[in-house]
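Undergrad: This is the structure I want to talk about, given as structure tokens.
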Amino acid sequence: MKNMQHLLHFLAIYLVHAVSEIIENDSGLGSDFKITGKVEILSSKDKEWLTNTQILVDGGEYIAYPRSDGSFVINGLPSGSFVVEIVNPTYLFEPARVEITSKGKIRARKVNYLQASVVKTIPYPLEFRERRKTNYFQVRDQWKITDFLFNPMVLTMVLPLLMIMVLPKMMNAADPETQKEMQSQMKALNDKSSIPDMSEFLAGLFGSDSKKSSSKSKAVRKK
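Here is the structure:
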């Protein structure tokens, strides 16, 4: 009987604790967490970039500004997962994801939208450094010698010349048997090229017939 009472007492305490956590999450009473970090630009000693820099959480639901030393604090956050971004018109920064548990434990990791299951942790408090400057204009393509060499028109002109220059050297360096074989192939090609074209053959045939008919007509006139 006593064991049963202890069990019911334990279950009652557990239910009260669970219900209180749910009420706090729904009402926002547990929004007392914060995210801290620092923004640095190593490529510039000028501090004017601080005035144009914002720290955005989840696309602007929470906004913060860096201090004179680049540090920042974002207060009033509930437990959950947040994406922290640094927005600056001149420099680009990699975003970071910060996960805050209901007990206040914080873990930071890289943002990977393509492979969300891949977790690569980063140090916390957050440290943001510029990746590169923002390019607002596309760089014009410059002329390269490879563009000229790999042009189809140039290849059609250069390759036959290379073949003419390389083939004789290959024939001289080849064995006598291969030389004879290549010479016979070239001779066969020349013999084929010496065969008259069909159009020339027909022109000659009809031309000879016309000559014969003209000679016959002349002979009849003489008679």
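In mature numbering (1 follows the signal peptide of the UniProt record, and there is no 0), the protein residues as written are -18 to -1, 1 to 205.
Even glycine gets a Cβ: it sits at the ideal position worked out from N, Cα and C.
Note that this is a predicted model, so its numbers are computed, not measured.
Between L141, T116, R79, which has its C-alpha nearest T103's C-alpha?
TA: Walking along the sequence shown from the start, residue 103 turns up at place 121. Checking every option, the nearest Cα to that of T103 belongs to R79.
Undergrad: Provide the residue span of the alpha helix (DSSP H) that contains L131, from first to last.
TA: Translated into the one-based positions of the sequence shown, residue 131 becomes position 149. Segment 127 to 131, the alpha helix (DSSP H) holding L131.
Undergrad: For V80, write down the residues that DSSP places opposite it in a beta bridge.
TA: Stepping through the sequence shown from its first residue, residue 80 is reached at position 98. Its beta-bridge partners are F64, A90.
Undergrad: Closer than 8 Å is the cut-off here; do at least three beta carbon pairs connect the region 52 to 70 with the region 29 to 41?
TA: Because the criterion of three Cβ pairs below 8 Å is met, the region 52 to 70 and the region 29 to 41 touch.
Undergrad: Roughly how many angstroms separate the alpha carbons of Y118 and Y73, rounded to a whole number?
TA: The count along the sequence shown starts at 1 and reaches residue 118 at position 136. The count along the sequence shown starts at 1 and reaches residue 73 at position 91. Cα to Cα, Y118 sits roughly 11 Å from Y73.
Undergrad: What would DSSP say about S53, mapped onto helix, strand or coil?
TA: Start at 1 with the first residue of the sequence shown, and residue 53 comes out as number 71. Three-state DSSP puts S53 in a strand.
Undergrad: Below 9 Å between beta carbons: does that hold for E81 and F110?
TA: By one-based count along the sequence shown, residue 81 stands at place 99. By one-based count along the sequence shown, residue 110 stands at place 128. No.
Undergrad: Apart from the five residues on each side of it in sequence, which residues of its chain come closer than 7 Å, Cβ to Cβ, to V93?
TA: Locating residue 93 in the sequence shown gives position 111, counting from the first residue. Hits under 7 Å: V65, P77, A78, R79.
Undergrad: Please report the straight-line C-alpha distance between S25 and T138, rounded to a whole angstrom.
TA: Against the sequence shown, residue 25 aligns to sequence position 43. Against the sequence shown, residue 138 aligns to sequence position 156. Going from the Cα of S25 to the Cα of T138 covers about 49 Å.
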